[in-house]
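Take the sequence shown: its position 16, counted from the start at 1, is 17 in this note's numbering, and no numbers get skipped. Think of the CB as a built atom: it goes at the ideal place given N, C-alpha and C, for glycine as much as any other residue. Treat the numbers as computed from the prediction; the structure is a model and nothing was measured. A quick write-up on the structure given underneath.
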Amino acid sequence: GDVFVAIVTEKDDGHRYVGAAFKAGAAAAIVSKKAVIHYPVNDRKKIIAVADPLSSVQRIAARYRRELGLLLIGITGSSGKTTTRSFISAVLRTAFPVGETYTNWNNHIGVPLSLLRFTGKELAGVIEMGANHRGEISTLSKVAQPDIALITNIGYAHVGLFGSLADTTRAKFEIADGLNRKNGFLLLNGDDGRLVSYAQRLGIRTVYFGVSPRCQVRPGKVRFDPKRGLDLSVDGYAFHLSMSGRHFLYSALPAIFLGRSCGVPDAEIARALAAQKPCSMRGTIEKKKGATFIVDCYNANPSSMQTALATLVAMADPDRRVAIVGDMLELGKYSKKLHNDLGRMLVDCRVHKVLAIGQFAGAVADGAVKAGMGRKRIYTTAKSEEAVLVAKEIVKPGEVVLLKGSRGMHLETVFEKF
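Printed below as a string of structure tokens:
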């Protein structure tokens, strides 16, 4: 009963599997016009021939989004997209049906497919948009047509593919390309100087969240305890997050603002936020063999490394801090320097033992040594599988271990096999 879409990628060609899809029960297949001749005559009545199957699906999703007529919140940024999306969806869902990005489908294929999973009963949608090249978010924004475009931050994620932080900033602001200009607006992290300066050029209505004076959505008291979590107040009302990490403040503030804007009572917003848990591999706290692990290895870039290390510092005394860090990928020409900087950052955070994994493990070690850490407290391996044996040797009961690296490093292996 499904429609099969024949997408061509660098590794494969979906046109090879149209026959198998029909045998499995597909009602139709969207294929390239050039490929129709290759299919049996009996199958052609079920074939929808188009110039480009992927762009066709994007157009279908864009039309469907217009037909849905719902409030749509688009989210992009260098880090924190998924957590922010989860917070906002949870808050709004207390008042009405909400659709959101399916699992981690946030690219040029996933965004249209996420929208096409909406049932039509939703009153709001929360769609995450990821990209690693210029122009990709523009396409996604034109598909999703957000009423509110939220950018979490600008950092070095994928900077090797974007080219520079300035190019990264321009790419993230492509989310405004499909923005509802009649009554839509930007919702930005007002503590990120790059976001603020770029937004000022655009002339689009902007609401800022954060702790700086320019922010309209600004917390009063903020208290963080590594065991209890994060407490904050906004306009005198108290909210609590049971999650470890001050950076979750930047996911909570837009959720509070949007909840209030949609008429959700503060008590319901507070209840929804208090129930939130870290997404898988995005800062979950786990215990194993007497050690505590901060499993934050879904992705990594210099800014997310800094926030993860701040959590480690808050959770453990210096002599109990262990950092197991993997390569931060897609940094291009900045890779060696930024891994050197990570080594210095580990020393600044008074980490007791370091295990660096990957192609740039040596750069991390060099940075740490130059900053004053003794070589005997630094360990390096090429792969996560090799790091398991080292981790078993160096991690002791009572220590707190940060596991942080890019997705391609598979650092979760270290925890799973520890």
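Should residue i go down as buried or exposed, given a rule of 16 or more other Cβ atoms within 10 Å for buried?
{"i": "residue 276", "result": "exposed"}
{"i": "residue 111", "result": "buried"}
{"i": "residue 425", "result": "The requested residue 425 is not part of the displayed model; the chain covers only 2 to 419."}
{"i": "residue 283", "result": "buried"}
{"i": "residue 417", "result": "exposed"}
{"i": "residue 234", "result": "exposed"}
{"i": "residue 59", "result": "buried"}
{"i": "residue 38", "result": "exposed"}
{"i": "residue 390", "result": "exposed"}
{"i": "residue 194", "result": "exposed"}
{"i": "residue 121", "result": "exposed"}
{"i": "residue 206", "result": "exposed"}
{"i": "residue 104", "result": "exposed"}
{"i": "residue 49", "result": "exposed"}
{"i": "residue 382", "result": "buried"}
{"i": "residue 262", "result": "exposed"}
{"i": "residue 190", "result": "buried"}
{"i": "residue 101", "result": "buried"}
{"i": "residue 394", "result": "exposed"}
{"i": "residue 92", "result": "buried"}
{"i": "residue 33", "result": "buried"}
{"i": "residue 279", "result": "buried"}
{"i": "residue 172", "result": "buried"}
{"i": "residue 229", "result": "exposed"}
{"i": "residue 297", "result": "buried"}
{"i": "residue 43", "result": "exposed"}
Since residue i sits in a beta bridge, which residues does DSSP pair it with?
{"i": "residue 127", "result": "74, 101"}
{"i": "residue 51", "result": "33"}
{"i": "residue 327", "result": "358"}
{"i": "residue 287", "result": "294"}
{"i": "residue 65", "result": "Residue 65 pairs with nothing; no bridge assigned."}
{"i": "residue 14", "result": "9"}
{"i": "residue 134", "result": "Note: residue 134 sits in no beta bridge, so no partner."}
{"i": "residue 210", "result": "190, 218"}
{"i": "residue 322", "result": "401"}
{"i": "residue 4", "result": "29"}
Got a sec, what are the start and stop residues for the alpha helix (DSSP H) residue i sits in?
{"i": "residue 344", "result": "336-349"}
{"i": "residue 168", "result": "166-173"}
{"i": "residue 196", "result": "194-203"}
{"i": "residue 42", "result": "42-45"}
{"i": "residue 258", "result": "250-262"}
{"i": "residue 114", "result": "111-117"}
For the beta strand (DSSP E) that residue i lies in, which residues bound it at each end?
{"i": "residue 95", "result": "Unbroken run through residue 95: none, as it is neither H nor E."}
{"i": "residue 299", "result": "Premise fails: residue 299 is in no beta strand (DSSP E) and is neither H nor E."}
{"i": "residue 234", "result": "230-235"}
{"i": "residue 23", "result": "Not the beta strand (DSSP E): residue 23 falls in the alpha helix (DSSP H), residues 19-24."}
{"i": "residue 188", "result": "186-190"}
{"i": "residue 143", "result": "It is not in any beta strand (DSSP E) - residue 143 instead sits in the alpha helix (DSSP H) that spans 137-145."}
{"i": "residue 151", "result": "149-152"}
{"i": "residue 272", "result": "From DSSP, residue 272 is part of no beta strand (DSSP E) but of the alpha helix (DSSP H) over 267-275."}
{"i": "residue 223", "result": "223-226"}
{"i": "residue 239", "result": "238-242"}
Can you tell which of the options has its C-alpha closest to the C-alpha of residue i?
{"i": "residue 304", "options": "317, 288, 329, 321", "result": "329"}
{"i": "residue 79", "options": "340, 251, 237, 121", "result": "251"}
{"i": "residue 141", "options": "61, 189, 125, 85", "result": "61"}
{"i": "residue 64", "options": "18, 145, 72", "result": "145"}
{"i": "residue 301", "options": "260, 403, 209", "result": "403"}
{"i": "residue 1", "options": "415, 34, 243", "result": "Here the chain has residues from 2 to 419 only, and residue 1 is not among them."}
{"i": "residue 66", "options": "114, 228, 51", "result": "114"}
{"i": "residue 357", "options": "306, 351, 324", "result": "324"}
{"i": "residue 178", "options": "75, 108, 280", "result": "75"}
{"i": "residue 355", "options": "342, 119, 338, 376", "result": "376"}
{"i": "residue 272", "options": "280, 298, 238", "result": "238"}
{"i": "residue 254", "options": "29, 321, 223", "result": "223"}
{"i": "residue 14", "options": "29, 55, 4", "result": "55"}
{"i": "residue 334", "options": "166, 27, 8, 4", "result": "166"}
{"i": "residue 72", "options": "360, 99, 86", "result": "99"}
{"i": "residue 384", "options": "352, 412, 139, 124", "result": "412"}
{"i": "residue 364", "options": "156, 226, 337", "result": "337"}
{"i": "residue 36", "options": "7, 57, 242, 22", "result": "7"}
{"i": "residue 31", "options": "20, 42, 51, 240", "result": "51"}
{"i": "residue 346", "options": "370, 380, 359, 152", "result": "370"}
Enumerate, from N- to C-terminal direction, the unbroken alpha helix (DSSP H) stretches of 4 or more residues contained entirely within the region 368-414.
385-395
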